[in-house]
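Going by the numbering used here, the first residue of the sequence shown is number 2, and it counts up by one from there.
We treat Cβ as the ideally placed atom computed from N, Cα and C, and that holds for glycine.
Below is one structure; the comments refer to it alone.
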Amino acid sequence: MMANDLRSDFPAISTPAQADGPLKPSAPNIYLDNAATTHKPRVVLDAESGFYRDFNANPYRSQHKAGIRATKLYNACRDMIATFIGADSDEVIFTRNATEGLNLLAYSWGLNELGKDDRIVLPIYEHHSNLVPWQMVAKKTGAELVFLYPDDDGLITDEEIKRVVTDKTKLISCAHISNVYGCSSPVSSLVAAARSVGARVFLDCAQSVAHMPLDFRAMDVDAAVFSGHKAYAPMGIGVLYIKRKLMSNLEPFMYGGEMIDQVSKLTSTFQDGPQRFEAGTPNVAGAFSLVSALDYLMQIGWGTIQASEHALTKQLMDGLKRIKGVQIIGSTDAEKRACCLVSFTNDLLNTEDIAYELDAAGIAVRAGTHCAQVLHNYLKLTASLRISPCFYNTSEEIDRCLQVIEEMPQRINRRLISSLP
Ligand SMILES: Cc1ncc(COP(=O)(O)O)c(C=O)c1O
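As structure tokens, then:
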């Protein structure tokens, strides 16, 4: 199956790119910002509206037939997500996004389990969503944040883990894949190190969920999160996996309807299991759409997705390496990339200017610090440009993007000359 066959599944970008089309604002839509959010296939758009058309009712509350159907549908979605991530249904909590899942862990687990002298270990490349909540926990509990530093390729070595993880470590929380390096954290080494000192491991799968199969039971992590919108599902739905044993001891994160057991005037008791953490009306349409998005990925198959994304990554990296002034962040070897994402700077050009120039050519990429300011400070960079294709992108689109970047210095010169009086 080729990108062009699948492209028509995505209404927002279904006009194929013209490799040598004119540079103009109305140029074909080349979307290379999939690490920020992906487009949604028609099946997902249909699932979202289909819920409201055919199933709309509030689950877990209403006794009428539609309410019971909505409850059954929502539970079935939980079952299907559990199968997708190697978990049991009662280990799957629906959230709004990865950020909410990480905050839930910080508030419900971190604030109650950590104290002075305890250490929270994080790679320096963490997204703010997996750093700032732990800063809050550290501030309130007296726990200390300690960082793992990657090598020049963006990889964390076993020696680094040995240097940082000690008896004081109570948590290692890390991105499965860095949203700047595009490289994987060494999950099995981190889990082994954590187990040897009795620490927990939380995994942020925001950047991996769309690119590889996830099996949290096999990985043996204690908790994991992802957002649906980075995996072809709508915004506003995410998943938090928590191992059953850990979940049973956790305080609720939010309080309100349907997470309670008994409520009296001054005190309440709470449900066990995922409902304890899903206060208020849940996003059933989102859960249903997420299942349809993951099912869509399964229909394509990981083999096809990974082969196509690997080829695009290699083409992109090879092309960038040939452009004067470009410095790729992390490994320049496509084999070391765990997903289709390349960040770089350009000695000759400002990254924001490149992003604007690409945008003017109808090409969407991202410039900035990608919610990883600490990593950029560590690398002594003010910003970088990130290009993140996925299986629905074509090799012509990558060529077009590379061409615009490569020709930019000449275009700037031409503009300067033509603006001279
Ligand atoms: C590695 C990583 N973690 C967490 C997030 C936060 O995702 P969301 O904004 O969907 O909660 C992102 C988003 O870019 C990310 O790349």
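Could you say which of R196, H177, I121 and A193 lies nearest to P214 if we only look at CA atoms? Translated into the one-based positions of the sequence shown, residue 214 becomes position 213. Taking only the C-alpha atoms, the option nearest P214 is H177.
Per-residue burial, Y53 [other beta carbons within 10 Å of its own, 16 or more giving buried]: For the purposes of this step, residue 53 is taken as the residue at position 52 of the sequence shown. Flag for Y53 reads exposed.
On the three-state DSSP scale, how would you describe Y32? For the purposes of this step, residue 32 is taken as the residue at position 31 of the sequence shown. Strand, per DSSP.
Would you say D427 touches ligand 1, meaning its beta carbon is less than 6 angstroms from a heavy atom? Nothing can be reported for residue 427: it is not among the residues displayed for the chain, which extend from 2 to 422.
Taking 7 angstroms as the cut-off, decide whether the C-beta atoms of V122 and V165 are in contact. Taking the first residue of the sequence shown as 1, we reach residue 122 at position 121. Taking the first residue of the sequence shown as 1, we reach residue 165 at position 164. Yes.
What I want to know is whether the C-beta of T100 ends up closer than 6 angstroms to one or more non-hydrogen atoms of ligand 1. In the sequence shown, residue 100 corresponds to position 99, counting from 1. The answer is yes for T100.
From R79 to I355, what distance separates their C-alpha atoms? Within the sequence shown, residue 79 is the residue found at index 78, counting from 1. Within the sequence shown, residue 355 is the residue found at index 354, counting from 1. Spanning the alpha carbons of R79 and I355 requires a straight line of approximately 42 angstroms.
In angstroms with no decimal places, state the Cα-to-Cα distance between A224 and R412. In the sequence shown, counting from the first residue as 1, residue 224 sits at position 223. In the sequence shown, counting from the first residue as 1, residue 412 sits at position 411. Approximately 49 angstroms, taken between the alpha carbons.
Spatial neighbours of K315 in its chain, beta-carbon cut-off 8 angstroms, leaving aside the 5 residues before and after: To locate residue 315, count along the sequence shown from 1; it is residue 314. Around K315, the same chain offers A335 as residues with beta carbons nearer than 8 angstroms, after the five sequence neighbours per side are excluded.
I think V181 touches S385, with their Cβ atoms under 8 angstroms apart; what is that distance to the nearest whole Å? For the purposes of this step, residue 181 is taken as the residue at position 180 of the sequence shown. For the purposes of this step, residue 385 is taken as the residue at position 384 of the sequence shown. Rounded to whole angstroms, the Cβ separation of V181 and S385 is 7 angstroms, and the two are in contact under 8 angstroms.
According to DSSP, simplified to helix, strand and coil, what is R62? Within the sequence shown, the letter at position 61 stands for residue 62. Per DSSP, reduced to three states, the secondary structure at R62 is coil, with no helix or strand assignment.
So what does C175 bridge to, in DSSP terms? Position 174 of the sequence shown, counted from the first residue, corresponds to residue 175. Looking at the DSSP assignment, C175 forms a beta bridge with L204.
Check whether the Cβ of Q453 sits closer than 6 angstroms to any heavy atom of ligand 1, and report yes or no. Summary: the structure shown does not reach residue 453, with the chain confined to residues 2 through 422, and so no result is reported for it.
Looking only at DSSP bridge pairs, what is Q328 linked to? Taking the first residue of the sequence shown as 1, we reach residue 328 at position 327. DSSP output for Q328 lists T346 as bridge partner(s).
DSSP state of R97 mapped onto helix, strand, coil: Looking up residue 97 in the sequence shown gives position 96. Reduced to three states, the DSSP call for R97 is coil.
Check the Cβ-Cβ distances between G302 and every residue of chain C, and say whether any is below 7 angstroms. Looking at the structure shown, chain C is missing, and only one protein chain is on hand.
For S185, count the other beta carbons within 10 Å of its own beta carbon; 16 or more makes it buried, fewer makes it exposed. Which is it? In the sequence shown, counting from the first residue as 1, residue 185 sits at position 184. Under the 10 Å beta carbon count, S185 is surrounded by 16 or more other beta carbons and is classified as buried.
Can you tell me the Cβ-Cβ gap for D10 and R62, rounded? I've got them flagged as a contact below 8 angstroms. As a working note, residue 10 is residue 9 in the sequence shown. As a working note, residue 62 is residue 61 in the sequence shown. That pair is no contact at about 35 angstroms.
Return the chain-ordered list of same chain residues with a C-beta closer than 6 angstroms to the C-beta of G369, the five sequence neighbours on each side being excluded. As a position in the sequence shown, residue 369 is number 368, starting the count at 1. Taking C-beta separations shorter than 6 angstroms and ignoring five residues to either side along the sequence, the partners of G369 in its chain run A384, following chain order.
Between the alpha carbons of R245 and L204, how many angstroms are there, rounded? For this step, residue 245 is matched to residue 244 along the sequence shown. For this step, residue 204 is matched to residue 203 along the sequence shown. When rounded, the distance between both Cα atoms is 16 angstroms.
Are the CB atoms of M81 and V285 within a distance shorter than 7 angstroms? Residue numbering aside, residue 285 sits at position 284 when the sequence shown is read from its first letter. Residue numbering aside, residue 81 sits at position 80 when the sequence shown is read from its first letter. Not a contact, by the Cβ cut-off of 7 angstroms.
Count the other CB atoms within 10 Å of the CB of H230; is the residue buried (16 or more) or exposed (fewer)? Mapped onto the sequence shown, residue 230 falls at position 229. With 16 or more Cβ atoms within 10 Å of its Cβ, H230 is classed as buried.
Provide the residue span of the beta strand (DSSP E) that contains L146, from first to last. As a working mapping, residue 146 is identified with position 145 in the sequence shown. Element bounds for L146: E145 to L149.
Determine, using beta carbons only, whether P134 and N104 come nearer to each other than 7 angstroms. Taking the first residue of the sequence shown as position 1, residue 134 is located at position 133. Taking the first residue of the sequence shown as position 1, residue 104 is located at position 103. Against a cut-off of 7 angstroms, the Cβ pair of N104 and P134 comes out as a contact.
Would you list the residues sitting across from V240 in a DSSP beta bridge? Taking the first residue of the sequence shown as position 1, residue 240 is located at position 239. The partner list for V240 (beta bridge, DSSP) reads F95 and F227.
Which term fits E49, buried or exposed, when burial requires 16 or more other beta carbons within 10 angstroms of its beta carbon? Taking the sequence shown and counting its residues from 1, the one referred to as residue 49 is at position 48. So E49 ends up on the buried side.
Three or more C-beta pairs closer than 8 angstroms, one from the segment 84–97 and one from the segment 232–248: is that the case here? In short, these stretches touch, since the Cβ pair count reaches three.
Distance CB(V343)-CB(I388) smaller than 7 angstroms: Taking the sequence shown and counting its residues from 1, one reaches residue 343 at position 342. Taking the sequence shown and counting its residues from 1, one reaches residue 388 at position 387. Using a Cβ distance threshold of 7 angstroms, V343 and I388 count as a contacting pair.
Heavy atom of ligand 1 within 6 angstroms of A176 beta-carbon: As a working mapping, residue 176 is identified with position 175 in the sequence shown. A176 Cβ: within cutoff of ligand 1.
Quick one: Cα of G51 to Cα of G287, how far? By 1-based counting over the sequence shown, the position of residue 51 is 50. By 1-based counting over the sequence shown, the position of residue 287 is 286. Here the alpha carbon of G51 sits roughly 11 angstroms from the alpha carbon of G287.
When the Cα of L298 is compared with those of V45, E353 and M318, which residue comes out closest? Mapped onto the sequence shown, residue 298 falls at position 297. From the listed residues V45, E353 and M318, the smallest Cα separation to L298 is found for V45.
Go through its chain and collect everything with a Cβ distance to K25's Cβ below 6 angstroms, but skip five positions before and after it. For the purposes of this step, residue 25 is taken as the residue at position 24 of the sequence shown. Its pLDDT being 42, under 50, K25 is placed unreliably in this model, and the value from its coordinates should be taken loosely. None.
In whole angstroms, what separates the C-alpha of S309 from that of K266? As a first step, residue 309 is located in the sequence shown; it is residue number 308 there, counting from the start. As a first step, residue 266 is located in the sequence shown; it is residue number 265 there, counting from the start. Each residue's Cα considered, the two are about 59 angstroms apart.
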